[in-house]
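Respectively, the protein sequence lines represent chains A and B.
FYI, this note's numbering numbers position 17 of the first sequence as 218, with every residue one higher than the one before it.
FYI, this note's numbering numbers position 64 of the second sequence as 354, with every residue one higher than the one before it.
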Amino acid sequence: MAMKSGYVIQEKVAKLLSKQQGRPVLRPIKPLALKNEVANRRLRKGEATCVTEMSLVMACWKQNDFNNTVCSKEVSAFYTCVEKTQAQNKASRKQGGQGRLLPKEATVLLKRYPNLSGDI
Amino acid sequence: MAASFGRLLKPWKSSLCFVRWSRYNPYYLDPDPSKDAHSVPESDLSPEQKELRELKTVRPIKAALSSATSSPFDDPVISKFINMMMQDGNKILARGIVTQTLETMKRRQVEKYHKSPPNKREDIECNPYAIFHQALENCKPIIGLASIQKGGKFYQVPVPLTDNRKRFLAMKWMITECRDNKHRRTHMYEKLSQELLAAFSNEGNVVKRKHDLHKMAEANRAYAHYRWW
């Protein structure tokens, strides 16, 4: 299947573009070729972090008229939470997908072996 | 991606380059002008610090800024404040203003010290640098607001701030408050020293502005879940 796959795909594309069988399904403006890069995006949308600590700080503020010296314990807890989540984010960003390539790594590889469009 | 950084270090060839947007190659390390960092003997260093020292013998280092000195009076916070006050590149004027501010603060505190009874003298802080740092700490906000779009409308969402952002906001508020809201015939150093001494004792307009921001954040706490980071 791997050996035949390129040929099979070309046949299918030719059928989609042909005018022999009524109107062509595809009418491409640009050439049907993949780009030599991968889009840099995160699939899962994250959620708000440290909301509980923040609400504790705000409750303390409301009780003590926004006095920061009295609320210093809650504030330091909030800061530690923020630092922890930042460290977690950094670690997870460098980890790279568990078997999947990172978008940046994929782009580097594709640029080394690019899809040639146009003359050399 | 350290391997790719090394490839960027091509030997220099004479050609035209655009200076306005030029940056250092990320391969270059930051300089450390303080004497203390280099006078520590090998035995006292942790393994990461030893690694860093070895790295510094191999990698190229950026040129130090002309405002960075190896003297013990070199304070990065005060340097940042001077840079933020500077207009049109007039660093001499900005530095002069800040020096005069520190001197004025010291004079006021020493006057207060000599006028106060002996039992209260220990509580009066005379070191202008300590007063500056404490005043800036008192002006730093803890939670900020970010404008986030959801369903076509923009909401002010309470958000944790980074240390750099807090420091920037505190300094910016201080400078704008002294420039705009004071009597026009007073010198900048007088205005700054008044405001810094007030902030040191948690009074004054800048601390009030910080409290206003906190109140807004507290009022908008329902929108905290609109964040995604």
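Cβ atoms here follow ideal geometry from the backbone N, Cα and C, with glycine treated the same way.
If you're wondering where the values come from, they're calculated on a predicted model, not measured in any experiment.
{"Check": "Residue nearest to Pro350 of chain B in terms of C-alpha spacing, selected from B:Pro321, B:Gln484, B:Glu427 and B:Pro450", "Outcome": "B:Pro321"}
{"Check": "Option nearest Met259 of chain A by Cα separation, candidates B:Lys505, B:Tyr513, B:Arg517 and B:Trp519", "Outcome": "B:Lys505"}
{"Check": "Whole-angstrom distance between Leu435 of chain B and Glu212 of chain A, CA atom to CA atom", "Outcome": "56 Å"}
{"Check": "Of the residues B:Tyr479, B:Lys472, B:Leu482 and B:Cys429, the one placed nearest Phe458 of chain B, counting alpha carbons only", "Outcome": "B:Cys429"}
{"Check": "Span of the alpha helix (DSSP H), counted from its first residue to its last, around Pro418 of chain B", "Outcome": "Pro418 to Cys429"}
{"Check": "Where Ile368 of chain B falls, given that 16 or more other Cβ within 10 Å makes a residue buried", "Outcome": "buried"}
{"Check": "Completely contained beta strand (DSSP E) runs for the stretch 492-517 of chain B, where each covers 3 or more residues", "Outcome": "none"}
{"Check": "Proximal chain B residues relative to Val226 of chain A, where beta-carbon distance stays under 9 Å", "Outcome": "Correct list: empty, because the minimum Cβ distance to chain B is about 36 Å."}
{"Check": "Where the beta strand (DSSP E) through Ala234 of chain A begins and ends", "Outcome": "That residue, Ala234 of chain A, is in no beta strand (DSSP E); it is neither H nor E in DSSP."}
{"Check": "For Met291 of chain B, the three-state DSSP class (helix, strand or coil)", "Outcome": "Caution is warranted here: a pLDDT of 44 is assigned to Met291 of chain B, below 50, making its placement in the model unreliable, and the coordinate value is therefore given only provisionally. Coil, per DSSP."}
{"Check": "Beta-bridge partners of Ile382 of chain B, as assigned by DSSP", "Outcome": "Note: Ile382 of chain B sits in no beta bridge, so no partner."}
{"Check": "Contact test: Arg224 of chain A Cβ vs the ligand HEM heavy atom, cutoff 8 Å", "Outcome": "In the structure on display, the ligand HEM does not appear, and there are no ligands present to speak of."}
{"Check": "Best match in A:Pro225, A:Met255, A:Val239 and A:Lys246 for proximity to Pro448 of chain B [C-alpha to C-alpha]", "Outcome": "A:Met255"}
{"Check": "Per-residue burial, Trp262 of chain A [other beta carbons within 10 Å of its own, 16 or more giving buried]", "Outcome": "buried"}
{"Check": "C-alpha gap between Asn315 of chain B and Ser305 of chain B, whole angstroms", "Outcome": "17 Å"}
{"Check": "Other residues of its chain near Asn471 of chain B: CB distance less than 7 Å, five sequence neighbours each side excluded", "Outcome": "Asn495"}
{"Check": "Buried/exposed call for Arg517 of chain B, threshold 16 Cβ in 10 Å", "Outcome": "buried"}
{"Check": "Trp519 of chain B and Gly247 of chain A closer than 9 Å at C-beta", "Outcome": "yes"}
{"Check": "Within chain B, the residues that Cys251 of chain A reaches when beta carbons sit closer than 7 Å", "Outcome": "Pro450"}
{"Check": "Closest residue to Gln424 of chain B among B:Gln390, B:Val497 and B:Glu480 (Cα-Cα distance)", "Outcome": "B:Val497"}
{"Check": "Status (buried if at least 16 other CB within 10 Å, exposed otherwise) for Ala234 of chain A", "Outcome": "exposed"}
{"Check": "Rounded Cβ spacing between Leu319 of chain B and Lys346 of chain B (contact assumed at less than 8 Å)", "Outcome": "6 Å"}
{"Check": "Segment contact, 8 Å Cβ cut-off, at least three pairs: the stretch 394-401 of chain B with the stretch 357-375 of chain B", "Outcome": "no"}
{"Check": "Neighbour flag for Glu238 of chain A against chain B, beta carbons, 9 Å", "Outcome": "no"}
{"Check": "Min CB distance Asn316 of chain A to chain B below 9 Å", "Outcome": "no"}
{"Check": "Neighbour flag for His515 of chain B against chain A, beta carbons, 9 Å", "Outcome": "yes"}
{"Check": "Under the three-state DSSP convention, the category Pro304 of chain A falls into", "Outcome": "helix"}
{"Check": "Status (buried if at least 16 other CB within 10 Å, exposed otherwise) for Asn265 of chain A", "Outcome": "exposed"}
{"Check": "Closer than 9 Å to chain B by CB, Lys216 of chain A", "Outcome": "no"}
{"Check": "Local Cβ density within 10 Å of Ser483 of chain B, reported as buried at 16 or more and exposed below that", "Outcome": "buried"}
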